[in-house]
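As structure tokens, the structure follows; a few thoughts come after it.
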Amino acid sequence: MKDTSQLARLGLFDARVPRYTSYPTAPHFAGGVGPDTHASWIRAIEPGSEVSLYLHVPFCRRLCWFCACRTQGTQTAKPVADYVETLKAELALLAQHLPGGVTLSRLHWGGGTPTLLTPDMIADLAGAIAEVAPFAPGAEFSVEIDPNEIDQSRVDALARAGMTRASIGVQDFDDAIQQTIGRIQSFDITRDAALMLRAAGIASLNADILFGLPHQTRARITESVQKLLSLNPDRVALYGYAHVPWMARRQSMIPSDALPTPEERLALFETAQRLFHWDGYRDIGIDHFARPDDGLARALDAGQLRRNFQGYTDDQSDVLIGVGASSISRFPQGYSQNAPATSAHVAAIRAGKFSVARGHAFTGQDLLRARMIEMLMCDFRIDADQILIDFDIGAADLKRMLADSARQFPGMVDLSESGLFILPQGRPLTRMIARSFDAYDMEKNGHSSAI
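Numbering (my numbering), first residue to last: 5 to 455.
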């Protein structure tokens, strides 16, 4: 384990900073971007180009206490069926504005629990998407899978719809931890789901696991990671649990005195990281791991790793269109976010307009700083030569920005003519180093622990 004394002096165990899946981050979105702006940005997409599409299903059979996503519970299929009709209407609205010849490089269904959809709903929705834009050659279609809410008929329907990658949420396999976070999901159920997906020809399998959960110890996370590795996932996201009960009230069900300390969180992460390394996985950014032949590993080697709202990606599209309540879109001009409340979103779509409620139009140095932050989050370095080629900034000004950051993290970064490089011992500080390039004010309580 790393020597924590210098990390502590630099504030790692006290800081709360963004995860930087966007820049500026979502708390800085405002009301200046609405339905008309969103529609104009869609119309400005280059005809014949490739875009990504994210589709949000906000429903869950039960609400897990640890989750801070925009979700709502349902015990019947009717609200889900009604919502699918709204998604189809939104897709039809999108098609009215989308330029000709656009294809999908990536399609992702997230939630919530997309696998609450019945096989007929899956086929219906997939058909509606195909009418808007077909898949591009080599496209990926991924779906978030809840092993508690999947069966053979749904797997077959997703396979027929073209799913190429499944993402299984694990969190932790320990019974006591599952009881504490309100997520009961046995290893056997998870294993059976993985086998079912593989048997249906789904070639790529992702998994999410959390560190920093209540009652989690190094021994417990070791057992959970070893069980996960027995499923042979192609890539794994090892996320730090963000305990933010002031933002997600259901997290108040989780006893804060059972949470590990920040120092213990770092030890949990490093314990899991070693297990992934021993099993042949490569580090991808700050919290992902992938097999050497996975697309993320290839993107890393090619200098094409990117970061978006789903984490790390090898998708090179400049446009991500979000469909569904609370979904966020990214365009070259800025971000737009649909109404977070499902009722407000549905009402807008039924009235024949997009539900976009807020967003951010890029201005000033937004794109410059966004790219510098993305470089740090993906490659642990800022390539000065590439920044000077891609952006209108003088060499002296760039050098000053890099030097200002380096002074804040002595012994953790290397500053040279080629740029700024985060040294191995400084990688736990990556989000904090990225924060040093963030020009926006930050409300500390609005973000998660830096580790």
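For each residue, glycine too, the CB sits at the ideal point set by N, CA and C.
The three-state reading of DSSP puts Ala211 in strand, counting E and B together. If you look at His101, you'll find it in the alpha helix (DSSP H) that goes Lys82 to His101. Fewer than three pairs of CB atoms, one per stretch, sit closer than 8 Å, so the region 395-402 makes no contact with the region 234-253.
Rounded to the nearest angstrom, the gap between the Cα atoms of Ala43 and Ser359 is 11 Å.
A distance below 8 Å separates the beta carbons of Arg20 and Ser452. Here Leu419 has Leu406, Ala407 and Ala410 as same chain residues with Cβ atoms under 7 Å from its own Cβ, once five neighbours each way along the sequence are excluded. Of Leu217, Ala443 and Leu108, the smallest CA-CA separation from Ser53 is found for Leu108. Distance from Ile154 to Ala197 at the Cβ level is roughly 5 Å; contact confirmed, criterion being Cβ atoms closer than 8 Å. Within the DSSP bridge table, the entry for Leu279 names no partner.
Closest in C-alpha terms to Ala48, from the list His60, Ala165 and Ile325, comes Ile325. The alpha-carbon of Tyr87 is positioned some 15 Å away from that of Pro123.
Annotation: Arg404 to Ile391 spans about 14 Å, alpha carbon to alpha carbon.
The beta carbon of Gly430 lies closer than 8 Å to those of Phe413, Gly415, Met416, Val417 and Ile437 in the same chain, with the five residues before and after it left out. The Cβ-Cβ distance between Leu272 and Pro218 does not fall below 8 Å.
In this structure, the alpha-carbon of Ser208 lies about 10 Å from that of Met167. Uninterrupted alpha helix (DSSP H) stretches at least 4 residues long and entirely within the region 205-266 occur at 222-233, given in chain order.
DSSP places Gln320 in the coil class of the three-state scheme, outside both helix and strand.
Per DSSP, the beta-bridge partners of Gln341 are Ile332 and Arg362. The beta carbons of Asp319 and Arg311 sit about 10 Å from each other, so the pair does not count as a contact at 8 Å. Less than 8 Å divides the Cβ of Val174 from the Cβ of Leu232.
In the structure shown, Cys68 falls within a coil segment according to DSSP collapsed to helix, strand and coil. Distances from the CA of Ser440 to each of Gln10, Tyr27 and Leu162 were compared; the closest alpha carbon is that of Tyr27. Annotated as proximal: Leu16 and Pro432, with beta-carbon spacing under 8 Å. Across the set Ile206, Phe293 and Thr8, the C-alpha of Phe293 shows the shortest separation from the C-alpha of Thr317. Only residues of its own chain outside the window of five on either side were considered, and among them Pro62 and Ala329 have a CB closer than 6 Å to the CB of Thr346, listed in chain order. Here the C-alpha atom of Asn152 lies approximately 10 Å from the C-alpha atom of Leu120. In this structure Gly363 is in contact with Phe33, their Cβ atoms being roughly 5 Å apart against a cut-off of 8 Å.
For Phe425, the enclosing beta strand (DSSP E) begins and ends at Gly423 to Ile426. In terms of CA proximity to Lys357, Thr90 leads the group His60, Gly77, Thr90 and Ala85.
Annotation: Asp305 to Ala12 spans about 32 Å, alpha carbon to alpha carbon. With 16 or more other Cβ atoms from the protein chains shown falling within 10 Å of its own Cβ, Asp178 counts as buried. With contacts defined as CB atoms closer than 8 Å, Glu135 and Ile353 fail to qualify as a contacting pair. Residue Arg65 holds the alpha-carbon nearest to the alpha-carbon of Ala81 among Arg65, Glu50 and Ala355. Take the alpha-carbon of Met257 and the one of Arg302: they are about 41 Å apart.
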